[in-house]
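S.K.: Let me begin by handing over the structure; questions about it come next.
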Amino acid sequence: MKYVINVYGRDVICASCVNAPGSKDTYEWLEAVLTRKYPENDLNFSYIDIDRNDNLSDFDESIIERINDDELFYPLVTINDEIVQDGHVQLKPIQRLMESQA
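Okay, so the sequence shown: first residue is 116 according to this note's numbering, each after it adds one.
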């Protein structure tokens, strides 16, 4: 199965996410864990800095707008353009989604 996994974030830690890892740390952690856990799947990871507007899709722009409007928190994880988690990211919901789509 092919998965496109995007982590949206910024260098500054989210105010409501005190004591949680930063966005880049979350991206690197997810990439390492999911690559080990699902070696048979085609996993494509991207980190999207919400303070930069380089080559963004309409979907990316809508997610960033919702983060900037405080509707969603960062880091935010999408899999195949489906929002999985925002704020304090945990592994179990991500695994459940991936296993339900397998």
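We treat Cβ as the ideally placed atom computed from N, Cα and C, and that holds for glycine.
What three-state label does DSSP hand Ser161 in the structure shown?
M.R.: Ser161: strand per DSSP, three-state reduction.
S.K.: Does the segment 164-176 come within contact of the segment 121-129, defined as at least 3 CB pairs closer than 8 Å?
M.R.: Touching, yes, given that three or more Cβ pairs across the two stretches are closer than 8 Å.
S.K.: Span of the alpha helix (DSSP H) holding Asp201?
M.R.: It is not in any alpha helix (DSSP H) - Asp201 instead sits in the beta strand (DSSP E) that spans 197-201.
S.K.: Assess contact between the segment 167-180 and the segment 142-155, defined as three or more Cβ pairs (one per stretch) separated by less than 8 Å. Is contact present?
M.R.: Touching, no.
S.K.: Is the beta carbon of Thr150 closer than 9 Å to that of Pro190?
M.R.: Cβ distance not < 9 Å, so Pro190 and Thr150 don't count as in contact.
S.K.: To the nearest angstrom, report how far apart Asp185 and Ala217 are at their CA atoms.
M.R.: Taking the straight line joining both Cα atoms gives about 32 Å.
S.K.: Does DSSP put Tyr123 in a helix, a strand or coil?
M.R.: Tyr123: strand per DSSP, three-state reduction.
S.K.: Does any CB atom of chain B fall closer than 9 Å to the CB of Glu197?
M.R.: Reference to chain B is not applicable here, since this structure consists of a single protein chain.
S.K.: With DSSP as the reference, identify every bridge partner of Thr193, one or two as the case may be.
M.R.: According to DSSP, Thr193 bridges with Asn121, Ile198.
S.K.: Out of Asp196, Ser177, Val204, Thr193, point me to the one whose CA is closest to Trp144's CA.
M.R.: When each option's Cα is compared against that of Trp144, the closest is Val204.
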